[in-house]
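All residue numbers for the sequence shown refer to the numbering used here, where the first residue is 1 and numbers rise by one.
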Amino acid sequence: MTVIPSAASLSGLHVLDRCREVVRPALVQAVGRLHPWVGEMAAYSFGWCEVGGTPVAASGGKGVRQALAVLGAEAAGGPTEAGTTAAVAVELVHAFSLLHDDIMDGDPDRRRRPTVWKAYGTGPAVLAGDALFALAVGTLAAAPGGAGAVRLLSVALGDLVHGQADDLLFAARPWTGPERVRPAEYRAMAEHKTGALLGCALALGAALGGAPPGTVAALDRAGRDLGVAFQIVDDVLGIWGDPAVTGKPVHGDLRERKKTFPVLAALDTPAAGRLAQLLQAGEDFGRTAALIEEAGGRSAALREARRRITVAEAALDAVPLETGAAGELRALLDFLVGREL
């Protein structure tokens with residue numbers, strides 16, 4: 001079957017491509033300032049080379065955060081250069097968080113390649129993550145208005161760590177009973193773990209571009225709500241997504257026993273007992289996925305994602321933004337959640 005991309009998908013992809021082209025030279029230049037070995041690991045994580053440094057055209061991800069930084073600056077009326085600086089910093093932080101996240105989760109693969117810790121070792125991967133974080137802070141500190149930008153990034157990083165800690169603790173909690181993870185707790189975790197950096201990306205470019213505090217705050221709020229929607233859509237794809245598109249095995253999140261939003265929503269229904277037994281057994285993943293859908297977990301997740309995007313759009317509507325960039329930003333929001341909606 002031939003899949004014809006929608007107009008919204010094509011528009012969103014165009015926005016991502018444009019922003020990647022704008023940011024790539026500055027990002028490559030920044031990584032080039034690292035120690036050669038550490039820089040190689042960073043380049044590997046971005047999909048620019050193989051182990052040993054041989055250049056390769058592997059997928060380096062969608063570039064969502066860097067696109068948000070560029071669009072945040074442009075929508076607030078600032079120069080693209082401010083968005084580029086913010087995009088480099090946020091992309092470095094995102095890469096740092098993924099390197100450490102893969103170690104904490106024990107994930108052997110990312111984007112169909114061995115993760116950095118599997119390719120280079122745990123210690124070197126931790127070092128590379130630390131170097132990327134330091135480089136991100138240095139990039140912002142050296143920019144005009146950098147002190148305020150570093151404060152924004154600091155808040156986002158604190159929230160990211162908070163969310164990561166909650167996510168790790170969720171794994172040890174039971175599927176049912178008074179100690180189970182509630183959907184509201186999950187939403188708070190996702191806003192911290194995923195939304196904080198998306199909000200920071202959108203606000204950072206605007207802040208470096210000289211936008212007023214109210215505009216910066218509104219963009220941060222919109223990015224945080226987008227982050228929750230983005231994470232929930234990822235949860236849906238992690239259970240029902242096409243492996244050829246997602247790069248993950250079918251029912252991958254169920255195999256890893258992740259407490260994702262569709263699962264938690266289904267556990268809040270009369271099907272909780274049967275579902276908990278299947279989740280605990282960890283065997284019949286097709287039947288488990290079907291029961292989650294029958295119990296309304298998938299539809300509840302998609303409703304929550306739609307609701308969060310509506311809230312994000314309301315935050316954008318509340319402040320004056322440049323029409324062209326604001327239109328691209330809304331197209332990107334639609335594309336990111338429309339992967340499953």
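Heads up, the beta-carbon is just placed ideally off N, CA and C, and yes, glycines get one too.
{"Item": "Nearest residue (CA-CA) to R65, options Y120, H94, V181 and V51", "Value": "H94"}
{"Item": "Nearest-angstrom Cα separation, counted from T194 out to D234", "Value": "11 Å"}
{"Item": "When A165, Q29 and F46 are compared against R112, the one with the closest alpha-carbon", "Value": "F46"}
{"Item": "The region 74-85 contacting the region 197-216, beta-carbon criterion three pairs below 8 Å", "Value": "yes"}
{"Item": "Other residues of its chain near L34: CB distance less than 7 Å, five sequence neighbours each side excluded", "Value": "A42, A131 and L135"}
{"Item": "Residue from W48, E313 and V70 whose Cα sits closest to the Cα of G87", "Value": "Going by the sequence as given, residue 87 is Ala instead of Gly. The shortest C-alpha separation from A87 is found at V70."}
{"Item": "Among A272, Q29 and G145, the one whose alpha carbon lies nearest that of R180", "Value": "A272"}
{"Item": "Pair within 7 Å by beta-carbon distance, E304 and I232", "Value": "yes"}
{"Item": "Where P320 falls: helix, strand or coil (DSSP)", "Value": "coil"}
{"Item": "Span of the alpha helix (DSSP H), counted from its first residue to its last, around G252", "Value": "G252 to R255"}
{"Item": "Unbroken stretches of the alpha helix (DSSP H), 4 residues or longer, contained in the region 96-120", "Value": "116-120"}
{"Item": "Selected residue, minimal CA-CA separation from P178, among H14, A26, D268 and A290", "Value": "D268"}
{"Item": "Neighbourhood of H421 by C-beta distance below 6 Å, restricted to the same chain and skipping five residues each side", "Value": "Outside the modelled stretch of the chain, which goes from 1 to 341, sits residue 421, for which no answer is possible."}
{"Item": "CB-CB length for T139 against A30, believed under 8 Å", "Value": "6 Å"}
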